[in-house]
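Take a look at the structure below.
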Amino acid sequence: IGGCSRVEEAKLPPAPPSPDRPPTAEAAEPAAEPEVAAPNVASYMPPYPQRTDLFTPPKRVKQAARHTSGDSDDAVELMGFVTVDEPRAVLSIDGVIAALPAGGQKYGIEVISVEPPRVILQRGRNRWTASLQ
6 IGGCSRVEEA
16 KLPPAPPSPD
26 RPPTAEAAEP
36 AAEPEVAAPN
46 VASYMPPYPQ
56 RTDLFTPPKR
66 VKQAARHTSG
76 DSDDAVELMG
86 FVTVDEPRAV
96 LSIDGVIAAL
106 PAGGQKYGIE
116 VISVEPPRVI
126 LQRGRNRWTA
136 SLQ
């Protein structure tokens, strides 16, 4: 019973044992399930067994075209092609990646034409064709 200043808990007398009450059931052990033989499954072979770190892309064999000018160490490598509004050649110029459209120029390399899988490049008066094939 509660009042303004303090709360008193009502104490109920314990329930007398009832003869009408059925006995409580005890948990029985579950019946043992018969053993089922595992089906013969072919062993799993990962797609890249030589890779130890699954989150590192595999090393690719360099199939890209490479041109090195005779007077400098700047290397130009055709990495691939992308189409963003127009076809672009993805080049690695001295380790820097650049996507250039036909007529585009970066680091002294000019893209003359982009016709996948080939691209015509020019540096100064030197012109060459790079291809992914």
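Numbering (this note's numbering), first residue to last: 6 to 138.
We treat Cβ as the ideally placed atom computed from N, Cα and C, and that holds for glycine.
If you compare the alpha carbons of PRO39, PHE86, GLY129, GLU120 with that of GLN110, the shortest gap goes to GLY129. Counting only residues of its own chain and dropping the five nearest sequence neighbours on each side, THR88 has no CB closer than 7 Å to any other CB. Shown here, THR57 sits in coil according to DSSP, grouped into three states, outside any helix or strand. Beta-carbon to beta-carbon, VAL119 and PRO106 are separated by about 7 Å, close enough to satisfy the 8 Å threshold. According to DSSP, ARG128 shares a beta bridge with ASN131.
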